[in-house]
Structures are given as C-alpha cells and as structure tokens.
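For reference, the structure is listed below as structure tokens.
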Amino acid sequence: LFLANNHYLFSQFQPSSLTIQQYLDFGRIGTAATSYTFLKNELMVRLANIMQEFSLLPPKLLQMPSSKMVSGWYCESFEDLLKYENAPASIENINAFNDQLQTILKRHAHVVETMAEGLIELRETDGVDIASEKGIQYFLDRFYINRISIRMLQNQHLVVFGNVLPESPRHVGCIDPACDVESVVHDAFENAR
Numbered sequence: 001l002f003l004a005n006n007h008y009l010f011s012q013f014q015p016s017s018l019t020i021q022q023y024l025d026f027g028r029i030g031t032a033a034t035s036y037t038f039l040k041n042e043l044m045v046r047l048a049n050i051m052q053e054f055s056l057l058p059p060k061l062l063q064m065p066s067s068k069m070v071s072g073w074y075c076e077s078f079e080d081l082l083k084y085e086n087a088p089a090s091i092e093n094i095n096a097f098n099d100q101l102q103t104i105l106k107r108h109a110h111v112v113e114t115m116a117e118g119l120i121e122l123r124e125t126d127g128v129d130i131a132s133e134k135g136i137q138y139f140l141d142r143f144y145i146n147r148i149s150i151r152m153l154q155n156q157h158l159v160v161f162g163n164v165l166p167e168s169p170r171h172v173g174c175i176d177p178a179c180d181v182e183s184v185v186h187d188a189f190e191n192a193r
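Its first residue numbered 1, the sequence shown is counted upward by one per residue in UniProt numbering.
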C-alpha cells in the first residue's frame, strides 16, 4: 500500500522538460549534490508515469510473462529510488545513489527485447494484431521515449558525477557538444532503410 500510494503520488507530476543545452550547462557547472537532489525525484516521477501507463494496457498484454517482467523491473526500480526520497545529499548517499543507478541501468538493459517478447507472446496466445492496436502502439511510443529519457538522465549523471568515463575529453558527460545532429539523424535514417 505504501509503495502504491507513493507511485500514485509521483505519477501526478509531469516530468521536467530538459534541453541539450541545459544538460551541457549543468554538466559544466553543476554539482553532484544538485544533480542527486534533482534526479532522485525526477527519476521517480518518470518511472511512476510509465508505471501508470502500464496499468492502461489491455489486460491480456499485462498478463504475458515478459510484460509482467518489464512491469516488475519498473516497480523494483521505483522502490529502489524511493529510499533516497528524503535522504540528504551527503557523499555517502550520492555514492550509494550512483551505485543504485548502475544497478537500475543493468536491470533495464533488456527492456526493449523483453517488451517485444511480451508482444510476441500476446500475438501467439490470442492472435492479436499488434500493429492494428492503436492503444498498444501509443503506449509503446511513449514507453520507449520515456525509457530513452530516463537512461539519458542516468548516464549523464554517472558520467559527470560518477565513475563512468566520457567517450572523449571533449564530451560533457555523455554529450558531444560538437556533434553534427543533422548528420547523425541522416546516417540513422539511411541505416534504418
């Protein structure tokens, strides 16, 4: 009940909208304590929002073993972060939080594949055409965007304030300020064809 109440409470908040410039600026002048204070709540808001959306999926999809597994990972990660809700930004808490973020990143490493497996299980069990289920597609679009944003927040924090090394000295956290975004998008489009 305690977890459900907290999940509901955090799901009532909107995630903060952040620009790449804000990531860069904070990566250059921010502190580990400020990042910790922001992230411990922001990640719970984002996790609670996606957990709330899980509850809106068709019940048959929610009953698939792989879908249950993914949902369980999100609940477990929310619970892991909840213990930091009122914890001050001490060096010990920040280090423990960083370790917890690493654990969460590992736990969620196969979310995409596991969620896809849940969809395959649904199709094979009930013959549901996933592509024609607009509600499922809407959920998946939001789910994957949310997942990307959560991983971005975690990775940026861990590279700037944790033990993860940047890819190159010019990176600010995990962001290359000299990146030619248009070129990257074009390459991604060409490779996806």
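The beta-carbon is built from N, C-alpha and C at its ideal position, and this holds for glycine as well. Fair warning: this is a prediction, and the values are worked out from it, not measured in the lab.
| Check | Outcome |
| --- | --- |
| Separation of L47 from G72, as counted between CA atoms | 12 angstroms |
| Rounded Cβ spacing between residue 255 and I94 (contact assumed at less than 8 angstroms) | In the structure as shown, the chain starts at 1 and stops at 193, and residue 255 therefore has no counterpart that could be examined. |
| DSSP-derived helix/strand/coil call for V181 | helix |
| A89 versus Q156 - alpha carbon distance | 18 angstroms |
| Where the alpha helix (DSSP H) through L123 begins and ends | Here residue 123 is Arg; the residue named in the question, Leu, does not match the sequence. Counting along the chain, the alpha helix (DSSP H) containing R123 begins and ends at 111-126. |
| Of the listed residues F143, T19, F13, nearest to I175 (C-alpha basis) | T19 |
| Three-state secondary structure assigned by DSSP to V164 | coil |
| Residues sharing a beta bridge with I29, DSSP | Partner(s): none; I29 has no beta bridge. |
| Expected contact under 8 angstroms - CB spacing of E79 and R107 to nearest Å | Their Cβ separation, rounded to whole angstroms, is 12 angstroms, which puts E79 and R107 out of contact at 8 angstroms. |
| Supposed contact pair M115 and S67 - C-beta distance, whole angstroms, cut 8 angstroms | 7 angstroms |
| Identified DSSP bridge partners for I104 | DSSP output for I104 lists no bridge partner at all. |
| Spatial distance of K134 from H110 (CA atoms) | 24 angstroms |
| Range covered by the alpha helix (DSSP H) that runs through V70 | 65-82 |
| Enclosing alpha helix (DSSP H) for P59 [first to last residue] | 59-62 |
| Through-space distance from L81 to S162, alpha-carbon basis | Residue identity differs from the one stated: residue 162 is Gly in this sequence, not Ser. Spanning the two alpha carbons is a distance of roughly 17 angstroms. |
| Between the CA atoms of L61 and G127 - distance to the nearest angstrom | 12 angstroms |
| Integer Cβ distance of Y23 from G173, believed to fall under 8 angstroms | 7 angstroms |
| Where I150 falls, given that 16 or more other Cβ within 10 Å makes a residue buried | buried |
| Straight-line gap, D141 to L119 (C-alpha atoms, nearest Å) | 14 angstroms |
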